[in-house]
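First comes the structure, then the notes that go with it.
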Amino acid sequence: MSEVLKIENVRKYFGKFAAVDDISFSLKEGGIYLLVGPNGCGKTTLVNCISGIYNPEEGNVYYRDADITGEAMYKISRRGLVRTFQIASPFLSLTTLENMLVAVPKNAGENIFLSLFKPSWMDSEVSAVKQASELLGVLGLKHVWNMPANTLSGGELKLLEIGRALMCGAETILLDEPVGSIDPKLCHQIFSHVLRLRDELGLTFLVIEHRLEVAAQYADHVFAMDRGKLLTEGTAEEVFEDPRVITSYLGE
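If you want my numbering, it's the 1-based position in the sequence shown plus 150.
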């Protein structure tokens, strides 16, 4: 598997506090990676640096060999590196299918000039609807395609957020707590969809998750952080048996 994402010596400060302190690691294409650590250890800040929300003060982020350090989030997204958020934020008055469609970048039907060439943009719209319908099927959301987003369950909203990322052309997805606040019975269903997307579409995932008893079962590789630093990495078994990781969660 080829290297798809590389982080080199990244540091991010808030005042004099190093929220991310000299972090380096890489992801290979088609892997499911888990980023863990206690609250406040710097996980979300690191993902914000990767996705373009924050600019690191030091270090570099590379995606498919291109240096994307400091690029705007929308430009990084167009490269295929897309981040979802801890709280799914669809347009609640729109249907599930409509939420998928509005995620399509450069929607021709919304461009006055391109809309003059009706056959062209209509073909594009038809193609987008077909793609969205297929993805809803893969994600197990086909039965709610015409329902307003405000009627969906928490788990369905999480899956919709992943679907919207795919409509953006995502090849690598940064998932922020995909099963946070979700019914325990649905947690495995969500991760089974992540696994299916990896297996069928070759997607790469970096997942922040606190429900380790679930997420660890699906991770190929785990990174553990504490106080802004990378403590260790390896298989789930190796990482969660590391005394430093145990101490970081339980305290001294």
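By construction, the Cβ of each residue, glycine as well, lies at the ideal position given by its N, Cα and C atoms.
Same chain, Cβ closer than 6 angstroms to residue i, five either side skipped, listed in chain order
i           : result
residue 296 : 245
residue 328 : 308, 340
residue 398 : 188, 376
residue 183 : 177, 356, 371
residue 316 : 285
residue 332 : 304, 305
residue 212 : 156
residue 152 : 179
residue 216 : none
Integer Cβ distance of residue i from residue j, believed to fall under 8 angstroms
i           : j           : result
residue 162 : residue 199 : 5 angstroms
residue 171 : residue 308 : At roughly 30 angstroms, the Cβ-Cβ gap does not stay under 8 angstroms, so residue 171 and residue 308 are not in contact.
residue 241 : residue 278 : Actually they are not in contact, since the Cβ atoms of residue 241 and residue 278 sit about 16 angstroms apart, beyond 8 angstroms.
residue 394 : residue 382 : 6 angstroms
residue 185 : residue 357 : 7 angstroms
residue 255 : residue 228 : 6 angstroms
Chain-order list of residues whose beta-carbon lies under 7 angstroms from that of residue i (same chain, five-residue window excluded)
i           : result
residue 260 : Residue confidence is low: residue 260 scores 45 on pLDDT, short of 50, so the model does not pin down where it sits. No coordinate-derived value is stated.
residue 118 : An answer regarding residue 118 cannot be provided, because it is not within the stretch 151 to 402 covered by the chain.
residue 166 : none
residue 294 : 246, 302, 306
Cβ-Cβ distance between residue i and residue j below 7 angstroms
i           : j           : result
residue 355 : residue 344 : yes
residue 408 : residue 325 : In this structure the chain extends from 151 to 402, so residue 408 is not present and cannot be described.
residue 369 : residue 232 : no
residue 159 : residue 209 : yes
residue 253 : residue 318 : yes
residue 250 : residue 313 : yes
residue 196 : residue 218 : no
Start and end residues, alpha helix (DSSP H) containing residue i
i           : result
residue 232 : Careful: residue 232 lies outside any alpha helix (DSSP H), inside the beta strand (DSSP E) at 231-233.
residue 386 : 386-390
residue 250 : 246-252
CB contact check: residue i to chain C, cutoff 7 angstroms
i           : result
residue 178 : This model lacks chain C altogether, as it is built from one protein chain only.
Residue i beta carbon near the ligand MN (any heavy atom closer than 6 angstroms)
i           : result
residue 338 : As for the ligand MN, it is missing from this structure, which has no ligand bound.
Spatial neighbours of residue i in its chain, beta-carbon cut-off 8 angstroms, leaving aside the 5 residues before and after
i           : result
residue 168 : 161, 162, 378
Run through the region 297-380 for me and flag every whole alpha helix (DSSP H) of 4 or more residues, listed as ranges in chain order. Look at the region 297-380 and you find these whole runs of alpha helix (DSSP H), each 4 residues long or longer: 304-317, 334-351, 362-365.
Hey, which unbroken runs of the beta strand (DSSP E) at 3 residues or more fall wholly within the region 160-228? Runs of beta strand (DSSP E) with 3 or more residues, each lying fully within the region 160-228, are found at 167-178, 182-186, 208-213, listed in chain order.
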